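K.L.:
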Amino acid sequence: MSDVVWIGIEEGPQTAQGWAFDGAGQVTASAHGDSAAQVQAHLGEAGALIVSDRAATPARSVPATVLPDTGAPSPLSQDAPPGLLPATACLRLSGALAQRPNWDGVALMPDADKTHWTHVSAGEVVSFASFLTPRLSRLLGGDGGANEQALGDTMARPERLAAHLAQADLGGNAAAILGHLIGAELAAARPYWLGQQIILIGDDPLAEAYSDALSAQGARPERLTTGDAAQAGLAALHRRASHQ
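Numbering (this note's numbering), first residue to last: 13 to 256.
Listed below in structure tokens is the structure:
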């Protein structure tokens with residue numbers, strides 16, 4: 013990979029992914045691994061730009077720009093309700109915004125454990141709300157697409173979530189479990205999606221379930237893969253660093 017000029021890596025709590033870029037900013041190779049070091053070993057010896065959720069980087073309080081004025085993305089914190097938006101989520105969000113100047117709306121970013129609904133206005137993260145739905149779904153055996161009737165039932169009566177989950181668990185209905193959980197989340201997150209422009213950053217089956225659920229409510233989200241968002245964010249960071 014002699015044409016590799018630099019390497020960009022995002023490192024989450026458990027996995028990492030990275031890309032090798034040439035001088036024109038085109039991706040020449042990609043790699044996945046358990047850590048940034050493992051990914052970099054696969055991609056070569058070029059200088060690496062790493063955004064990590066494992067680094068002890070102080071969080072900035074919202075409202076705040078998605079990226080700090082200098083340096084790599086840092087987590088964003090919120091007092092009410094309490095929340096922490098990871099650095100890798102900020103990286104992906106910055107990539108989405110780099111492709112959409114002056115965009116206002118809500119970015120929905122599911123990860124392995126949480127979903128983050130992030131309200132962006134005038135280039136700043138104004139507020140965000142995080143939900144533990146992905147982890148709960150995994151622990152309770154939710155899988156596949158979300159059952160539409162289950163989603164609607166719990167969205168209409170979110171106070172019955174625990175009872176609905178018990179019934180779905182008794183019947184071994186994995187799609188209903190996921191549907192009830194997403195229904196409760198959509199009910200709680202209504203201010204973040206009703207009447208808003210939405211970008212859904214994700215490309216796994218869970219992201220597909222959220223896309224279907226939002227579309228059923230008439231809130232059809234724009235889609236962006238996590239890889240494309242991270243690549244765009246890393247490229248924007250590299251351009252900024254090159255001009256400083």
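C-beta atoms are modelled at their ideal positions from N, C-alpha and C, and glycine is treated no differently.
The structure displayed is predicted, hence computed values, not measured ones.
Are the Cβ atoms of Gly-117 and Ile-211 separated by less than 8 Å?
P.N.:
Position 105 of the sequence shown holds residue 117. Position 199 of the sequence shown holds residue 211. Contact: yes.
K.L.:
Does Glu-57 come out as helix, strand or coil in the three-state DSSP assignment?
P.N.:
Residue numbering aside, residue 57 sits at position 45 when the sequence shown is read from its first letter. In this structure, Glu-57 counts as coil in the three-state DSSP scheme.
K.L.:
Would you say His-5 and Trp-18 are within 8 Å of each other, going by their C-beta atoms?
P.N.:
The requested residue 5 is not part of the displayed model; the chain covers only 13 to 256.
K.L.:
Under a Cβ-count criterion, where at least 16 other Cβ atoms within 10 Å of its own Cβ denotes burial, should Arg-104 be classed as buried or exposed?
P.N.:
For this step, residue 104 is matched to residue 92 along the sequence shown. Label assigned to Arg-104: buried.
K.L.:
Name the two residues that bound the continuous beta strand (DSSP E) containing Gly-30.
P.N.:
Working through the sequence shown from its first residue, we reach residue 30 at position 18. That run of the beta strand (DSSP E) goes 28 to 33.
K.L.:
Which residues bound the beta strand (DSSP E) around Trp-129?
P.N.:
Taking the first residue of the sequence shown as 1, we reach residue 129 at position 117. For Trp-129, the enclosing beta strand (DSSP E) stretches over residues 127 to 133.
K.L.:
If you count every other CB in all the chains shown that lies within 10 Å of the CB of Gln-52, and 16 or more means buried, which is it?
P.N.:
Residue numbering aside, residue 52 sits at position 40 when the sequence shown is read from its first letter. Buried: at least 16 other Cβ atoms inside 10 Å.
K.L.:
Using 8 Å as the threshold, is the C-beta distance between Thr-40 and Asp-34 below it?
P.N.:
As a position in the sequence shown, residue 40 is number 28, starting the count at 1. As a position in the sequence shown, residue 34 is number 22, starting the count at 1. Result yes, Cβ atoms of Thr-40 and Asp-34 sit closer than 8 Å.
K.L.:
Tell me the rounded alpha-carbon separation between Thr-145 and Glu-57.
P.N.:
If you number the sequence shown from 1, residue 145 lands on position 133. If you number the sequence shown from 1, residue 57 lands on position 45. So the alpha carbons of these two residues sit roughly 39 Å apart.
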